[in-house]
Amino acid sequence: MNTALQKRVNILLVEDDELDVENVERAFRKNNTPNPLWVALDGEEALRILRGPDYPKERRLVLLDLNLPRLSGIELLQEIRSDPALRPLSVVVLTTSNEDRDRTEAYNLNVAGYMLKPLTFQSFVELMSTLNRYWMLAELA
Amino acid sequence: MIFAIDLRGKLFASYACATLVLLLGLATFLLTRTLDRALAESGRARIVVRRSLELEALVLSAESAQRGYLLTGEERYLKPYHEAEPEVRDLLRELESAVDTDSPARPQLTHLEASVSAKLAELDRTVELHASGGDGLALVRTGEGLRLTDEIRSVVGQIAATTSVARLESEARLRLVRTFVVWLIGAGNITAFALAALVNGWISRAVSDLHAANLDLGQRARDLEAQARMLSSKEQRVAAQLEEQRFLGARLAMSNEALRVSNTDLEQFAYVASHDLRAPLRGIANISEWLEDDLGAQVTPSVKRHLLALRGRVRRLEALISGIAAYSRAGRCEEAVESIDVGRLVRQCVDLVAPPPEVTVSIGPMPTLVAPRTPLQQIFMNLLSNAIKHGAPGGGAIQVEASEEPDKWRFSVSDNGPGIAAEYHEKIFALFQTLAPRDKVEGTGIGLAVVKKLTDRYGGEVRVASRRGEGATFSFTWPKRSEPR
Numbered sequence: 001m002n003t004a005l006q007k008r009v010n011i012l013l014v015e016d017d018e019l020d021v022e023n024v025e026r027a028f029r030k031n032n033t034p035n036p037l038w039v040a041l042d043g044e045e046a047l048r049i050l051r052g053p054d055y056p057k058e059r060r061l062v063l064l065d066l067n068l069p070r071l072s073g074i075e076l077l078q079e080i081r082s083d084p085a086l087r088p089l090s091v092v093v094l095t096t097s098n099e100d101r102d103r104t105e106a107y108n109l110n111v112a113g114y115m116l117k118p119l120t121f122q123s124f125v126e127l128m129s130t131l132n133r134y135w136m137l138a139e140l141a
Numbered sequence: 142m143i144f145a146i147d148l149r150g151k152l153f154a155s156y157a158c159a160t161l162v163l164l165l166g167l168a169t170f171l172l173t174r175t176l177d178r179a180l181a182e183s184g185r186a187r188i189v190v191r192r193s194l195e196l197e198a199l200v201l202s203a204e205s206a207q208r209g210y211l212l213t214g215e216e217r218y219l220k221p222y223h224e225a226e227p228e229v230r231d232l233l234r235e236l237e238s239a240v241d242t243d244s245p246a247r248p249q250l251t252h253l254e255a256s257v258s259a260k261l262a263e264l265d266r267t268v269e270l271h272a273s274g275g276d277g278l279a280l281v282r283t284g285e286g287l288r289l290t291d292e293i294r295s296v297v298g299q300i301a302a303t304t305s306v307a308r309l310e311s312e313a314r315l316r317l318v319r320t321f322v323v324w325l326i327g328a329g330n331i332t333a334f335a336l337a338a339l340v341n342g343w344i345s346r347a348v349s350d351l352h353a354a355n356l357d358l359g360q361r362a363r364d365l366e367a368q369a370r371m372l373s374s375k376e377q378r379v380a381a382q383l384e385e386q387r388f389l390g391a392r393l394a395m396s397n398e399a400l401r402v403s404n405t406d407l408e409q410f411a412y413v414a415s416h417d418l419r420a421p422l423r424g425i426a427n428i429s430e431w432l433e434d435d436l437g438a439q440v441t442p443s444v445k446r447h448l449l450a451l452r453g454r455v456r457r458l459e460a461l462i463s464g465i466a467a468y469s470r471a472g473r474c475e476e477a478v479e480s481i482d483v484g485r486l487v488r489q490c491v492d493l494v495a496p497p498p499e500v501t502v503s504i505g506p507m508p509t510l511v512a513p514r515t516p517l518q519q520i521f522m523n524l525l526s527n528a529i530k531h532g533a534p535g536g537g538a539i540q541v542e543a544s545e546e547p548d549k550w551r552f553s554v555s556d557n558g559p560g561i562a563a564e565y566h567e568k569i570f571a572l573f574q575t576l577a578p579r580d581k582v583e584g585t586g587i588g589l590a591v592v593k594k595l596t597d598r599y600g601g602e603v604r605v606a607s608r609r610g611e612g613a614t615f616s617f618t619w620p621k622r623s624e625p626r
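As you go down the protein sequences, you meet chains A and B in turn.
The first sequence runs 1 to 141 under the numbering used here.
The second sequence runs 142 to 626 under the numbering used here.
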């Protein structure tokens, strides 16, 4: 892999389950991923971070769980797609829901991917590794 | 229409009959008048003859009275002579009125009057002469009186003859007319009677027809009334049935609503099961791996074995939850039918279930169906993975076949595994039912339950044919026209 082509990606993880947050963090550590990770525990916090001054305005990627308290993942997506400043944002869904309805709704809201959380940590690590490598090569809006 | 013309004809005939009777009466009246006239004529003729003869006798009696006076000179002989003259005038007047002016006897009568006047004058002359002492007999001897008497006798004879001829002619005519009248009346009456009888017959038939028609109409009216009553009672029954159906419909709607609510609950449950129950499970699995990671070299073989066992149970629970979600989802969504090449569908399913290299799958000739794709695909995938799971150890051979039945297709998936004892054939289609110990064969007991649910829903049936040690054949039917229940 030509590391010269790789650029850091500013990842916002929207996830209410602390275990899953730790899962992602552990996976990042295990993969030695250089990407900085922001964490929002629900949709409203995610919007605050996205619109706030701390979160960079370029090379952004949102990892979104659908089952969230208060503002659900789908509602957050609708909010993002109706805000001109956030509309070009790349969002990858990371969920346990294998429901057709969720999948269809998510893709209708222009998600860049729909991933099911693997059962084992080992699979999770591999998924995160692949995800990071891919997005570090991608040109982001 | 024919009846109307007939009726008009009959009415016309009845009028004709009445007219005929009227004409008959008129003719009879006229003929009777003629008859009367003829009778009167005949009577007058008799009178003329009789009066003529009386006149003659009167003249003769006057003459003989004259002769007696002339011979004896006695006045008493003159009594008939004096009496004769006024009687003669009466008789002549009577004759005058009895003989028509155009009668052939008329000139004879004039002649008679003249002769009688002359005779009476001659008689007067002789009697006056004799009374005045002259020779009356000398006048008698001239024969003038005799000549006049002869003339009167002759004229009376002529009148009698003429009048008798006229009378005979009249009487003959009378007889003829009478005969004609008799026949006319007879024939006319018979004709009129026949005609009247005929018309009566017609009319009475028409009347009886009408009566019968009326009776028939009455009967029909009663029939109609009865039918109307029957209809109305039927209508009431139908109304009652409709009411009942509406009531049942309302109850059905209520049941449907309850069913819909419970279906929604079930859907919610399936969603919770597939998402919310899985999350903590994944957490447990992950933590077990983190423990192992974090302990590093401190992990003893026993701890390692336990951690693996823990993750195995988590996987099984996860599979069960997925199975429940799949079972709940099975056939829930309405899918449009499409034309499906079943052979291709089965090959795709084989690819998706990815059998291990030692398992062979052979597919027989397959039809093309018009059906929803997803349920059919799920059935084949579940049967195939079942066959792979329970195939012969170290190299299963799976056979997929199709056979046509009158209104459906039968598909079968056979394996060469250990088979299933007959007592379990029903049981295996129940939810969560497995036969092998779970630690030996990873199975949730959901796949066949899903197959049964789907075939039931689409009007087919699933069954198994198997004997212990001889493999198993799972077959299901699919209607040629598939409509979900």
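For every residue, glycine included, the Cβ atom is placed at its ideal position computed from N, Cα and C.
Since the structure is predicted, the reported quantities are computational estimates derived from the model, not experimental observations.
query: Checking the sheet assignment: what are the DSSP bridge partners for L37(A)?; result: I11(A)
query: Going by CA-CA distance only, name the one from E235(B), L270(B), T441(B), E182(B) that's closest to A313(B).; result: E182(B)
query: Against chain A, with Cβ distances strictly below 8 Å, would R454(B) count as a contact?; result: no
query: If we ignore side chains and look at the alpha-carbon of each, how far apart do I425(B) and Q518(B) end up?; result: 33 Å
query: Output, in chain order, the set of chain A residues within a Cβ distance shorter than 9 Å of A420(B).; result: D17, L19, D20, N67, T96, K117
query: Quick one: list the residues of chain A neighbouring H416(B), beta-carbon separation under 7 Å, in chain order.; result: N67, T96, S97
query: For a contact defined as C-beta to C-beta under 8 Å, what are the partners of E459(B) on chain A?; result: L119
query: If you run the structure through DSSP and keep just helix, strand and coil, what is V491(B)?; result: helix
query: Just the Cα atoms here: how many angstroms apart are A369(B) and D357(B)?; result: 18 Å
query: Hey, is W550(B)'s beta-carbon within less than 8 Å of any beta-carbon in chain A?; result: no
query: For N23(A) and chain B, any beta-carbon pair shorter than 8 Å?; result: yes
query: From A40(A) to A106(A), what distance separates their C-alpha atoms?; result: 19 Å
query: Beta-carbon of R26(A) versus every beta-carbon of chain B: anything under 8 Å?; result: yes
query: Are the C-beta atoms of G424(B) and some chain A residue less than 8 Å apart?; result: yes
query: Compute the Euclidean distance between the alpha carbons of L127(A) and I504(B), then round it to the nearest angstrom.; result: 36 Å
query: Are the C-beta atoms of L171(B) and some chain D residue less than 8 Å apart?; result: This model lacks chain D altogether; the protein chains it does include are A and B.
query: Roughly how many whole angstroms lie between the Cα atoms of I462(B) and T575(B)?; result: 16 Å
query: Is there at least one Cβ from chain A nearer than 8 Å to N523(B)'s Cβ?; result: no
query: Using a cut-off of 9 Å between C-beta atoms, extract the partners of N427(B) located in chain A.; result: L19, D20, E22, N23, R26, L119, T120, F121, F124
query: Note down, in chain order, each residue of its chain lying with its Cβ closer than 6 Å to the Cβ of A259(B), except the 5 sequence neighbours on either side.; result: L289
query: Mind pulling the beta strand (DSSP E) runs of 3 or more residues that sit fully within the stretch 377-432 of chain B?; result: none
query: Do three or more CB pairs link the stretch 129-140 of chain A to the stretch 27-42 of chain A at distances below 8 Å?; result: yes
query: Can you tell me the Cα-Cα spacing of E139(A) and L76(A), whole angstroms?; result: 23 Å
query: Which same chain residues, not among the five before or five after L339(B), have their C-beta less than 6 Å away from its C-beta?; result: none
query: Can you give me the C-alpha to C-alpha distance between Q382(B) and L393(B), rounded to a whole angstrom?; result: 16 Å
query: Between D350(B) and T169(B), what straight-line distance do the alpha-carbon atoms span, to the nearest angstrom?; result: 38 Å
query: Start and end of the alpha helix (DSSP H) containing A107(A)?; result: A small fix is needed here, since residue 107(A) is Tyr in this sequence, not Ala. Run containing Y107(A): 100-108, per the alpha helix (DSSP H) assignment.
query: For the stretch 475-486 of chain B, which residues have a CB atom closer than 9 Å to at least one CB atom of chain A, in sequence order?; result: none
query: For P513(B), is the classification buried or exposed, using 16 other Cβ atoms within 10 angstroms of its Cβ as the cut-off for buried?; result: buried
query: Which class does D350(B) belong to by DSSP, given the choice of helix, strand or coil?; result: helix
query: Does G558(B) come out as helix, strand or coil in the three-state DSSP assignment?; result: coil
query: Whose C-alpha, out of D17(A), V93(A), E58(A), L64(A), is nearest the C-alpha of K7(A)?; result: E58(A)
query: Could you say which of I481(B), S345(B), L315(B) lies nearest to L152(B) if we only look at CA atoms?; result: S345(B)
query: Just to confirm my understanding: we take R387(B), look at its own chain, exclude 5 residues before and 5 after, and list those with CB closer than 7 Å. What are they?; result: none
query: Spatial neighbours of H252(B) within its chain, please: C-beta separation below 6 Å, excluding the five flanking residues on both sides.; result: V296
query: Can you give the Cα-Cα distance for E499(B) and R609(B), rounded to whole angstroms?; result: 23 Å
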